[in-house]
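Okay, so here's the structure we're looking at.
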Amino acid sequence: TVALRSKEYAHDYRYFPEPDIPPVVLGPQQVEAWRDSLPELPSLRKRRFLRQYGLPEYDAGVLVAERDVADFFERIVEAGAEPKAASNWVMTEVLRAMGASGKTLADLGLMPEGLARLISLVERGTVNMPTAKEVFAVMLETGEDPERIVRERGLAQVTDVSELRGVVERVLAAHQKVAADYRAGKEAALQFLIGQVMRQTRGKADPKAAARILRERLGG
291 TVALRSKEYA HDYRYFPEPD IPPVVLGPQQ VEAWRDSLPE LPSLRKRRFL RQYGLPEYDA
351 GVLVAERDVA DFFERIVEAG AEPKAASNWV MTEVLRAMGA SGKTLADLGL MPEGLARLIS
411 LVERGTVNMP TAKEVFAVML ETGEDPERIV RERGLAQVTD VSELRGVVER VLAAHQKVAA
471 DYRAGKEAAL QFLIGQVMRQ TRGKADPKAA ARILRERLGG
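Structure representation (structure tokens):
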């Protein structure tokens with residue numbers, strides 16, 4: 291700060307009281323009440339997100355750029371979602387939906403509690419991430435609960451080991467050369483086989499479980 295004037299005190303300006311305006315005395319409680327009523331500044335909110343939720347600085351910066359987005363994120367966390375998972379969904383799927391539709395967050399009609407439950411379905415292994423994104427799209431379109439969408443559309447992830455083993459056997463029988471390539475050391479062949487398992491289960495297989503069963507079956 292550079293001082294531009296030498297006058298710094300009231301008497302330097304020869305101020306005198308205005309007789310028609312009484313002194314205004316503000317007590318500390320009133321000042322504190324006004325301070326508490328002010329909205330949280332983005333810079334302060336960002337620091338709080340870093341401290342309270344353990345988010346990366348980039349995530350916190352993106353979230354606090356728009357107040358309604360930051361509010362939405364916090365409501366997802368309050369509904370039980372893990373903060374980083376909530377941040378990932380907001381920064382990718384939610385912001386992408388806003389940009390693609392040209393709608394505000396309020397106009398999307400998406401409930402934070404619903405998104406929190408969708409995140410929970412992923413974390414519990416009920417659906418995998420590609421399927422979760424499919425469910426999210428339906429939620430935007432219909433406003434339905436994620437659990438109902440998964441149930442009515444048969445989107446639950448295939449986790450039954452015996453069922454997965456049966457799918458793996460069919461895939462290996464249909465792609466014997468690829469299986470031989472994997473046994474010969476071509477790791478990329480495994481990814482192809484996993485893809486075939488996902489294809490036969492319409493994306494509902496647990497990719498990690500499929501990979502584990504394939505490795506066991508192929509001796510890898």
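Going left to right, the sequence shown walks through residues 291 to 510 as our numbering numbers them. The beta-carbon is built from N, C-alpha and C at its ideal position, and this holds for glycine as well. Treat the numbers as computed from the prediction; the structure is a model and nothing was measured.
Do residue i and residue j have their C-beta atoms closer together than 7 Å?
i, j, result
"P373", "L408", "no"
"L345", "S377", "yes"
"D450", "L395", "no"
"A495", "M488", "yes"
"A469", "L462", "yes"
"A239", "L334", "Here the chain comprises residues numbered 291 to 510, so residue 239 is not present and cannot be evaluated."
"L508", "V458", "no"
"P402", "R365", "yes"
"P422", "A369", "Sequence inspection shows Ala at residue 422; the Pro mentioned does not correspond to that position. No, the pair does not count as a contact, with Cβ atoms beyond the cut-off."
"T491", "V440", "no"
"V314", "P332", "no"
"V417", "L445", "yes"
"E383", "F426", "yes"
"V352", "F363", "no"
"P420", "G317", "no"
Helix, strand or coil for residue i per DSSP?
i, result
"V461", "helix"
"A360", "helix"
"V314", "coil"
"V321", "helix"
"A350", "helix"
"A495", "strand"
"A474", "coil"
"E506", "helix"
"R345", "Checking the sequence shown, residue 345 turns out to be Leu, not Arg. It is coil, neither helix nor strand."
"G389", "helix"
"A355", "coil"
Name the two residues that bound the continuous alpha helix (DSSP H) containing residue i.
i, result
"N418", "From DSSP, N418 is part of no alpha helix (DSSP H); its letter is neither H nor E."
"L483", "A478 to Q490"
"L328", "Looking at the DSSP string, L328 is not in any alpha helix (DSSP H), and its letter there is neither H nor E."
If I'm right that residue i touches residue j with Cβ under 8 Å, what's the distance once you round it to whole angstroms?
i, j, result
"G433", "G485", "Wrong, their Cβ atoms sit about 33 Å apart, outside the cutoff."
"Y343", "V367", "7 Å"
"M429", "G404", "6 Å"
"A500", "L454", "6 Å"
Those runs of the alpha helix (DSSP H) which lie wholly inside the region 395 to 456 and span at least 4 residues: Correct list: 395 to 398, 402 to 413, 419 to 432 and 436 to 443.
Sequence ranges, alpha helix (DSSP H) only - wholly within the region 360 to 387, length at least 4: Unbroken alpha helix (DSSP H) runs of no fewer than 4 residues, entirely contained in the region 360 to 387, are found at 373 to 379, following chain order.
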